[in-house]
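Student: Here the sequence shown stands for residues -22 to -1, 1 to 240, numbered as in mature numbering (1 follows the signal peptide of the UniProt record, and there is no 0). Glycine included, C-beta positions come from ideal geometry on N, C-alpha and C.
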Amino acid sequence: MRPTINTIVALAVLSLTSSVYAHAVIIDAYGDSSNVHGYGLGYDSSIKRGGTWAVTSQNPFQRDCPVFKSPIVPSYPNRKVRIYISTGCRITISGINVWAKANNPKKLKDATWAQNNKWWYKKLVPETTQINVPSSITTMAKNNMIPARKELDDTAYCPKERPRRTSKFSVFHRGSKKFHWVTVTLPANLDCKGSYGGKDNICLVRCENYAIFGGCVPFQQVMPSAEVQSKPDGPDFSEGPEPEVLAEVDTTLGEIFGEEGS
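1. What did DSSP end up calling Ala2 once you bin it into helix, strand or coil?
2. Tell me which same chain residues have a C-beta within less than 7 angstroms of the C-beta of Tyr91, skipping the five on either side of it?
3. Among Gly20, Pro196 and Pro104, which residue has its Cα nearest to the Cα of residue 277?
4. At the level of alpha carbons, what is the spacing between Asp22 and Asp42?
5. With DSSP as the reference, identify every bridge partner of Glu186, one or two as the case may be.
6. Kindly indicate the opening and closing residues of the beta strand (DSSP E) around Gly172.
7. Could you give the C-beta distance for Gly192 and Phe46, rounded to a whole number, given that I count them as a contact under 8 angstroms?
8. Report buried or exposed for Ile(-15), applying the criterion of at least 16 other Cβ atoms within 10 angstroms of its Cβ.
9. Find out if the Cβ-Cβ distance for the pair Cys67, Leu19 is shorter than 7 angstroms.
10. Can you tell me the Cα-Cα spacing of Ser24 and Val200, whole angstroms?
11. Considering only the alpha carbon of each residue, which of Lys96, Tyr17 and His15 lies closest to Ala78?
12. Got a sec, what are the start and stop residues for the alpha helix (DSSP H) Asp88 sits in?
13. According to DSSP, which residues form a beta bridge with Ile69?
14. Terminal residues of the continuous alpha helix (DSSP H) containing Gln93?
15. DSSP three-state label for residue 317, please.
16. What does a CB cutoff of less than 6 angstroms around Lys100 pick up in its chain, not counting 5 residues either side in sequence?
17. Alpha carbon to alpha carbon, what distance is there between Pro104 and Leu86?
18. So, is Ile74 buried or exposed, given that buried needs 16 or more other C-beta atoms within 10 angstroms?
Now the structure itself:
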């Protein structure tokens, strides 16, 4: 399921939970025009969150946290340089497990978790393990992304690199292992062009923190009726948002996700 968005009252609320400091996964997303809820791509609802430090460990509680670097886990003690991945919806441990099971099922089955890290998670990630949007979406136009701390792609393609802004660290220790709500105001002239599964008018929002965790949320744009256009139920965006309206999410996301970590 994907949330629906109305272009006049353009609000999207994301619920994020931090698994351990900077680790995060989008577990809920909804718009203003219906009660349809969605979630971040790659999210596994069977994984329970919260509680003590022991239940924020890599296995199983970080398995569905999208990572925007390769290798997905820092390589110690050699400290190999990790490659920032600027496009798509990135990689999860679960995705690597699926790939490893298909290519070497016995090795994966017999491996300890430490061996999994050594053989799979601390090595460069194969492209086929990455969370990418379906080909029926990626055939859309590729150059209409709005760069911001939260990136919006009105073609649901997400191919464009965003500029790195790492002039300061973002730390929010008290936000660890808690649910956080983020409200995102979308442009008044939003025009979603993606399509998938018989649905048109699909957009994709990519969320990312400075510790390279985050995720993607697809949603369907629903045009308001004439009555709603004349008397919108909510904030009046008739004049359009400020040019940098998406950028105001920047600081909030940094505070929410916390310090850089693995």
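Tutor: Reading it off the structure:
1. DSSP, read as helix, strand or coil, puts Ala2 in strand.
2. First, the amino acid is wrong: residue 91 is Trp here, not Tyr. If we look at Trp91 and ignore the five residues flanking it on each side, its Cβ neighbours are Asn37.
3. No information on residue 277 is available, as it lies outside the stretch -22 to 240 that the chain covers here.
4. Taking C-alpha positions only, Asp22 is separated from Asp42 by approximately 6 angstroms.
5. In the DSSP output, where bridge partners are listed per residue, Glu186 has Gly192.
6. Segment Gly172 to Tyr174, the beta strand (DSSP E) holding Gly172.
7. Between Gly192 and Phe46, the beta carbon gap of about 7 angstroms places them in contact (Cβ cut-off 8 angstroms).
8. In this predicted model, Ile(-15) has a pLDDT of only 34, less than 50, meaning its place in the structure is not dependable; the value taken from the coordinates is given anyway. Residue environment for Ile(-15): buried (at least 16 other C-beta atoms within 10 angstroms of its C-beta).
9. Yes, the pair counts as a contact, with Cβ atoms nearer than the cut-off.
10. The C-alpha of Ser24 lies about 30 angstroms from the C-alpha of Val200.
11. Minimum Cα distance to Ala78 is reached at Lys96.
12. Asp88 -> alpha helix (DSSP H) spans Pro83 to Asp88.
13. Ile69 pairs with Val45.
14. Trp91 to Asn94 is the extent of the alpha helix (DSSP H) around Gln93.
15. For residue 317 there is no data in the structure shown, the boundaries of the chain being -22 and 240.
16. Closer than 6 angstroms at Cβ, skipping near neighbours: Pro49, Val51 and Ser53.
17. Computed Cα separation, rounded: 16 angstroms.
18. Buried.
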